[in-house]
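Numbering (our numbering), first residue to last: 675 to 814.
See below:
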């Protein structure tokens, strides 16, 4: 069963959002010295993350990112890297190709993100727009 980790982030600054998208693309810099000094913390935080399957810019400075996950993959790795890159994570969920999804509980008080037990049967795997709606409403 294939699974996608969807993470909704909010970045109001256009230049920072552009740097995030660059660091999550095949065009990302290879060497730290190729990165402007102000963007090196982001580069270092995201350097070893695999490339996402999708990174879609939404309205109001939000970006929806989707990584393929295996059952032995830990969502905390991705969320921790984004947090270390000083990117505000609004919410995350795992969507399953055969149907359903489960929210990821975001870190609190220095803990790691964990797979949550809030799940639903709705098919959202192929619907990034619906995922963005779910994650936006879960944070409001």
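The beta carbon of each residue, even a glycine, is placed where N, CA and C say it ideally should be. Bear in mind that the values here come from a model prediction, so they are computed numbers and not experimental data.
Of the choices the options, whose alpha-carbon is the least far from that of residue i?
{"i": "residue 773", "options": "788, 753, 799", "result": "799"}
{"i": "residue 716", "options": "771, 751, 731, 696", "result": "696"}
{"i": "residue 686", "options": "742, 679, 762", "result": "762"}
{"i": "residue 688", "options": "790, 735, 765", "result": "735"}
{"i": "residue 731", "options": "690, 754, 760", "result": "690"}
Which residue marks the beginning of the beta strand (DSSP E) containing residue i, and which one marks its end?
{"i": "residue 762", "result": "762-770"}
{"i": "residue 804", "result": "Premise fails: residue 804 lies in the alpha helix (DSSP H), 802-813, not in any beta strand (DSSP E)."}
{"i": "residue 782", "result": "Counting along the chain, residue 782 falls outside any beta strand (DSSP E), and DSSP gives it neither H nor E."}
{"i": "residue 742", "result": "736-743"}
{"i": "residue 731", "result": "728-731"}
{"i": "residue 678", "result": "677-684"}
Tell me where the alpha helix (DSSP H) around residue i begins and ends.
{"i": "residue 690", "result": "688-697"}
{"i": "residue 753", "result": "749-758"}
Here's the rule I'm using: 16 or more other beta-carbon atoms within 10 Å means buried, otherwise exposed. How should residue i be labelled?
{"i": "residue 787", "result": "buried"}
{"i": "residue 807", "result": "exposed"}
Provide the residue(s) that pair with residue i in DSSP beta bridges, ordered along the chain.
{"i": "residue 713", "result": "For residue 713, which the question treats as bridged, DSSP gives no partner whatsoever."}
Practice task
Decide if the region 696-712 is in contact with the region 769-788; the criterion is three or more beta carbon pairs, one per stretch, under 8 angstroms apart.
Solution key: When Cβ pairs closer than 8 angstroms are counted between the two stretches, the region 696-712 is seen not to touch the region 769-788, the count staying below three.
Handout entry: Touching by the beta-carbon criterion (3+ pairs, under 8 angstroms), the region 699-708 and the region 788-806
Key = Touching, no, given that fewer than three Cβ pairs across the two stretches are closer than 8 angstroms.
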